[in-house]
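So the protein lines, in turn, are chains A and B.
Residues 917 to 1333 (this note's numbering) are what the first sequence spells out, left to right.
Residues 1217 to 1558 (this note's numbering) are what the second sequence spells out, left to right.
C-beta atoms are modelled at their ideal positions from N, C-alpha and C, and glycine is treated no differently.
Written below as structure tokens is the structure these notes are about.
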Amino acid sequence: MADVPAETRTKPYGGEVLPPPTVRVGPLRWLRENLFSSWWNSALTVGALALLYVVGKGVLTWAVTEANWAVIPASLKLLLVGFYPEEELGRVWAVLYGTVVLLGLSAGLWGGLLREAAVLLGAGVGVLLGGLLLAGWGERGLLGGLLLLLLGGAVVGGWLRARAPVLLLRWGKRVVGGGWLLLPIGAVLLLRGVPGGELWAEVPVARWGGLLLTFSLAVVSIVLCFPLGVLLALGRQSSLPVIRWTCIVYIEIVRGVPLVTVLFMASLMLPLFLPSGWEINKVLRAIAAFTLFTAAYVAENVRGGLQSVPKGQIEAAQALGLGPVLTTLLVVLPQALRAVIPANVGQFIALFKDTSLVFIVPLLDFLGIALDVLENPKWGGPAREMLLFVALVYWFFTYFMSHMSRKLERALGVGER
Amino acid sequence: MRSSRKLAAVLAVAALLAPLASIGQDGGTLGAVQDRGRLVCGVNSGVPGFGFLDEETGTFSGFDIDYCKALAVAIFNDPNAVEYRPLTAAARFTALATGEIDVLIRNTTWTFTRDVDLTTNFAPTTYYDGQGFMVRVDSGVNTIDDLDGATICVLQGTTTEQNLADEFAKRGLDYTPLVFAETAARDQAYDEGRCDAITSDASQLAAIRTKLSNPDEHKILTELISKEPLGPVVRHGDDRWFDIVKWTVFCTVEAEELGVHSGNVDQQLQSDDPRVRRLLGVEGDFGEKLGLSNDWCANIIRTVGNYGEIYARNLSPIGLPREGSLNALWQDGGLLYSPPFR
């Protein structure tokens, strides 16, 4: 952990390292130095500006006058939750509200990364709220409620951190931490309901769709594939031949086939081999395919990290009397995993986007719903508006992931030692 | 153009393994459907007019979807007792073979190989598709013969291109093919007026038409030059279920022939015409023989409508003309013909 600020860190021989001198540059000077330093640079600047103007004007004119955005608010419900029953939508909101309150509280209680995440998500909701994309005031109110709860949570959390007595603070942290642990279970119970339940009627996963499905697939697969990948990486380095070879064969086979094939197998071939009357839930099949596929890649990323840990570290741990398990858990893995954050997050982002391949299964995810709505003859014409919206949503979440990973790297001091 | 060798291999495996999979319990497919309380219908979720997502109802809509509803009405008297399974072209026969779906209504062409090799049964054709032509309304072209000397946009290296060459040679017509490797490029070229006509399956043409800059300026000729009969598909080995699907289609056709539609079905219950009385279950026990209630067909007509209504609701708006086409009733020169209900 970079507990010691860089400015006061000392070199081995004792000389102090000073931060580089900061030079204040006025905007005009900056312009002259960076954009108009030579006739050639000036020409490039002017040319680029002209190009930006032409393209930007075209896009803006299209967006404001020609584009028919009506398709998005009209189909928003389908896009977000698919065929989730209208009368049960309150449950989706409840899960959202619960998450947001927890995030707000954590942002206030711990600050740092969590605050960053809360700010980014809040901004996203704000853009959605401010945009022209919402059909009615009802949805606006519900979305506004999200923002309010996020803010409220953050204020309460911040107050606890700054003012509350230590005991209360400690309990607050425990409660919020427990809330995060319960959230996934609660969310699944609430969203899926209980078979034959009175209060929460069952909503079979087959009826989920849209962004809800995309999210469920991505989150569950990411959470499951990471530990599996780490185990596979460790197994590949094991000295026991059975374990080592099992892991090698698994990793190499899975990495040798396209994801589409894995999904195809899971969705089309698997049912053929099952005894009659058996039916494995399609969403589970897709999750299994994504998890097993991505785990192989994660394993190779982690193996790279494991190899980057100097042997001296292991020897030092052994010299301290740590057994092999503790050496791996306390010394090797923390360093290895930290080193491969960028690669792994890249893999997770790829997984998030790859969930759109579930049209093979077939399930209707966010993109699938968008494409099928567009086939309504009523909308006709090219599909730019809808596809732009879909792309923006995907971009927001992938950017969120990569941004948070960069912050995490900085917090863990990757690349600084 | 609706098949490929790779697909055939997968399907062959599927067909081989099909008998191992569940084909329903003692009550057959009908019993399984009734126990489950809903019909599972394999559909296409992305074809304008035939199956697409309707954001107003929040579910699927289209010509094929209406036949899923008709079947659900026949069994449960509830058009919403259907679970739609959107399927890719590659997945559809496996889904049927493994019992994942009860019936496949997903613009599937009835061919010898599929009927015999894939151990499926095809219910009567609901839509006679085939390669057709789309032209501009103001071009004055009404028949294929009017296309003499025309420039025609066509996809490269497909049976479509071959059919076009054969048909025009047979008729002794002259034409200039404008060949494209990709559908998007072909459609755009036609939209920009680089060719006088575009050729593909009629249902495809209708889909293309909805995406043109001015759909109303284009029309699809009724003449077709190839055969692509589309209809519901069921598994081999459950004749009772096959009968139900088959006669559900016939019910809609016979109703149109007899002039029974959703607006007058309740008056028609008092009709003196024995054919109408038998169709609507006032006389005889046809429904019971199928394992359904006697008013099954009356319910279908009341809720979903007869063939003409289903066609007018879904396919006429996207520019698929019915009059003079193969999809007209047999009295009007089409191919739609229901065996008698007696």
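- The Cβ of residue 1433 of chain B sits no closer than 8 Å to any Cβ of chain A.
- Taking the beta carbon of residue 1285 of chain A as reference, the chain B residues within 7 Å of it are 1269, listed in sequence order.
- For a cut-off of 8 Å, the C-beta gap from residue 1290 of chain B to residue 1460 of chain B is around 7 Å, short enough to register as a contact.
- Within its own chain, the residues whose Cβ lies closer than 7 Å to the Cβ of residue 1295 of chain B, once the five positions on either side in sequence are excluded, are 1285, 1288, 1289, 1519 and 1520, listed in chain order.
- According to DSSP, residue pairing for residue 1352 of chain B in a beta bridge involves B/1434.
- Listed by position along chain B, the residues whose Cβ is nearer than 8 Å to that of residue 1292 of chain A are 1264, 1268, 1269, 1270, 1271 and 1277.
- At the C-beta level, residue 1133 of chain A and residue 1015 of chain A stay beyond 8 Å of one another.
- Between residue 1540 of chain B and residue 1399 of chain B a beta carbon distance of about 27 Å is seen, past the 8 Å cut, so the two are scored as non-contacting.
- Note on geometry: alpha-carbon atoms of residue 1118 of chain A and residue 1005 of chain A lie some 13 Å from one another.
- Taking the CA atoms as reference points, residue 1188 of chain A sits about 14 Å from residue 1334 of chain B.
- According to DSSP, residue 1301 of chain B shares a beta bridge with B/1258.
- Counting only runs of at least 4 residues, the segment 948–972 of chain A fully encloses no alpha helix (DSSP H) element at all.
- In summary, the residues of the segment 1300–1317 of chain B whose CB is separated from some CB of chain A by less than 9 Å are 1300, 1301, 1302, 1303, 1304, 1306, 1307, 1310, 1311, 1313, 1314, 1315 and 1316, in the order they occur in the chain.
- Residue 964 of chain A and residue 946 of chain A have their C-alpha atoms roughly 18 Å apart.
- Counting only the Cα atoms, residue 986 of chain A lies some 42 Å from residue 1391 of chain B.
- The segment 1433–1449 of chain B makes contact with the segment 1334–1348 of chain B, as at least three CB pairs between them are under 8 Å.
- Taking 8 Å as the CB threshold, residue 1272 of chain A stays off the interface with chain B.
- Under the 10 Å beta carbon count, residue 1197 of chain A is surrounded by fewer than 16 other beta carbons and is classified as exposed.
- Per DSSP, residue 1391 of chain B is one residue of the beta strand (DSSP E) stretching across 1391–1396.
- Taking CB atoms only, residue 1348 of chain B has no neighbour in chain A less than 8 Å away.
- Using a 10 angstroms sphere on the CB of residue 1473 of chain B, the tally of other CB atoms reaches 16 or more, which defines it as buried.
- CA-CA distance, residue 1277 of chain B to residue 1266 of chain B, rounds to 8 Å.
- Straight-line spacing of the CA atoms in residue 1475 of chain B and residue 1503 of chain B works out to 20 Å.
- In the DSSP assignment, residue 1336 of chain B forms a beta bridge with B/1451.
- Interface flag for residue 1261 of chain B against chain A is set, since a Cβ pair is found closer than 8 Å.
- By the 16-neighbour rule on beta-carbons within 10 angstroms, residue 1432 of chain B is exposed.
- Nearest CB-CB separation between residue 1426 of chain B and chain A: below the 8 Å threshold.
- Residue 1557 of chain B sits in coil when the DSSP states are folded into three classes, being neither helix nor strand.
- Here the alpha carbons of residue 1225 of chain A and residue 1250 of chain A stand approximately 10 Å from one another.
- Just so you know, the alpha carbons of residue 1419 of chain B and residue 973 of chain A end up roughly 38 Å apart.
- Residue-level contact check: residue 1295 of chain B does not touch chain A, since none of the beta carbons of chain A fall below 8 Å from its beta carbon.
- Interface flag for residue 1097 of chain A against chain B is unset, since no Cβ pair is found closer than 8 Å.
- Residue 1311 of chain A and residue 1046 of chain A have their C-alpha atoms some 18 Å from each other.
- Chain-order list of chain B residues neighbouring residue 1132 of chain A: empty, with the shortest C-beta distance near 18 Å, by a criterion of under 9 Å.
- Taken through DSSP and simplified to helix, strand or coil, residue 1110 of chain A comes out as coil.
- When DSSP states are grouped into helix, strand and coil, residue 1444 of chain B belongs to the strand group.
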